[in-house]
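Shown next, in the form of structure tokens:
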């Protein structure tokens, strides 16, 4: 049986998909004519755009920069898609701003909803392409250790105050074996307080049955 290659996109893309799906569900269930009810989904939509802006920056500077040495045409294609993504981002931000001053909140809410759907549809296709075409190029030219080093370089550039957001949606987005492997890597490769904090976050964001599965697969942290 062939050992699968390291997919540098897997965990972050699952987190981003989970955040997108959740945001779409929230806006579908929200009475956008009620400004109190709409506040949480407006905040989450703005957060979604902030996280995607950062994700595109990290990809451009750490993944595509490495890929360009071997396939500049492919990289140019993805960079062009990042421009399209930026245009969709700005369109959605414009709809968020328009909602704040709109007299007809329901109509303005629909503007956000359809701009969000366009953004999500594009990014789902874009991420699939990255996990097929871009991964194949990386695997042909880099070892797993080198690709993991790219991921570590990205992680080192994420501001500490933003990490809880990434942790939340990774926990919500990945499956049980992936979650156990991630926590074991943190347990043996990071300070205890990092592991303990991540483990506690799992207790918050996972269902009780899934958290029980996780506890059966890793040693429980010792909290002071």
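Numbering (UniProt numbering), first residue to last: 1 to 224. In this text, a Cβ means the ideal position worked out from N, Cα and C, and glycines have one as well.
Contact under 8 Å by Cβ, residue 204 with residue 194: Counted from its first residue, the chain shown places residue 204 at position 204. Counted from its first residue, the chain shown places residue 194 at position 194. Not a contact, by the Cβ cut-off of 8 Å.
Residue 106 - containing alpha helix (DSSP H), residue span: The count along the chain shown starts at 1 and reaches residue 106 at position 106. Counting along the chain, the alpha helix (DSSP H) containing residue 106 begins and ends at 105-129.
Nearest-angstrom Cβ-Cβ length linking residue 8 and residue 170, presumed shorter than 8 Å: The count along the chain shown starts at 1 and reaches residue 8 at position 8. The count along the chain shown starts at 1 and reaches residue 170 at position 170. Not quite, the Cβ-Cβ distance comes to about 14 Å (not below 8 Å), so this is no contact.
Spatial distance of residue 3 from residue 177 (CA atoms): Against the chain shown, residue 3 aligns to sequence position 3. Against the chain shown, residue 177 aligns to sequence position 177. Their backbone Cα atoms lie some 15 Å apart in a straight line.
With 16 other Cβ atoms within 10 Å as the buried cut-off, status of residue 58: If you number the chain shown from 1, residue 58 lands on position 58. By the 10 Å Cβ count, residue 58 comes out buried.
Cβ pair count under 8 Å reaching 3, the segment 109-129 against the segment 73-89: yes
Beta carbon of residue 198 nearer than 8 Å to that of residue 167: For the purposes of this step, residue 198 is taken as the residue at position 198 of the chain shown. For the purposes of this step, residue 167 is taken as the residue at position 167 of the chain shown. Cβ distance < 8 Å, so residue 198 and residue 167 count as in contact.
Distance between beta carbons of residue 134 and residue 67, contact taken as under 8 Å: Residue mapping note: residue 67 aligns to position 67 of the chain shown, counting from 1. Residue mapping note: residue 134 aligns to position 134 of the chain shown, counting from 1. Cβ-Cβ separation between residue 67 and residue 134: approximately 6 Å, consistent with a contact (criterion under 8 Å).
Neighbourhood of residue 224 by C-beta distance below 8 Å, restricted to the same chain and skipping five residues each side: Counting from 1 along the chain shown, the entry for residue 224 is found at position 224. With a pLDDT of 39 at residue 224, under the threshold of 50, the modelled position of that residue is not reliable, and the figure given next carries that caveat. There are no such residues.
For residue 166, the first and last residue of its enclosing alpha helix (DSSP H): Here the question's residue 166 lines up with position 166 in the chain shown. For residue 166, the enclosing alpha helix (DSSP H) covers residues 163-173.
Of the listed residues 90, 69, 30, nearest to residue 52 (C-alpha basis): As a first step, residue 52 is located in the chain shown; it is residue number 52 there, counting from the start. Of the candidates 90, 69, 30, the one whose C-alpha sits nearest the C-alpha of residue 52 is 90.
Classification of residue 119 by the beta-carbon crowding that lies within 10 angstroms, buried from 16 upward: For the purposes of this step, residue 119 is taken as residue 119 along the chain shown, with counting starting at 1. With 16 or more other Cβ atoms within 10 Å, it is buried.
Coarse secondary structure for residue 68, derived from DSSP in three states: Taking the chain shown and counting its residues from 1, the one referred to as residue 68 is at position 68. Three-state result, residue 68: coil.
Closer than 8 Å to chain C by CB, residue 202: Absent here is chain C; the protein component of the structure consists of one chain.
Residue 136, buried or exposed, once every other Cβ within 10 Å from all chains shown has been counted against 16: Taking the chain shown and counting its residues from 1, one reaches residue 136 at position 136. Around the beta carbon of residue 136, fewer than 16 other beta carbons sit within 10 angstroms, so the residue counts as exposed.
Residue from 164, 190, 188 whose Cα sits closest to the Cα of residue 47: Numbered from its first residue, the chain shown carries residue 47 at position 47. Nearest C-alpha to residue 47: 164.
Coil, strand or helix - residue 5 by DSSP: Within the chain shown, the letter at position 5 stands for residue 5. It is coil, neither helix nor strand.
Reference residue 142, options 41, 43, 63, closest by Cα: Position 142 of the chain shown, counting from 1, holds the residue named residue 142. Of the candidates 41, 43, 63, the one whose C-alpha sits nearest the C-alpha of residue 142 is 63.
Start-to-end residues for the alpha helix (DSSP H) that takes in residue 30: What you label residue 30 is simply residue 30 of the chain shown in a count that begins at 1. First-last for residue 30: undefined, no H or E at that position.
Candidates 5, 6, 1, 21, of which the one nearest residue 172 by Cα: The residue you call residue 172 lines up with position 172 of the chain shown. The residue among 5, 6, 1, 21 with its C-alpha nearest the C-alpha of residue 172 is 21.
Same chain, Cβ closer than 6 Å to residue 38, five either side skipped, listed in chain order: Mapped onto the chain shown, residue 38 falls at position 38. Cβ contact annotation for residue 38 (same chain, cutoff 6 Å, sequence separation greater than five): 30, 32, in chain order.
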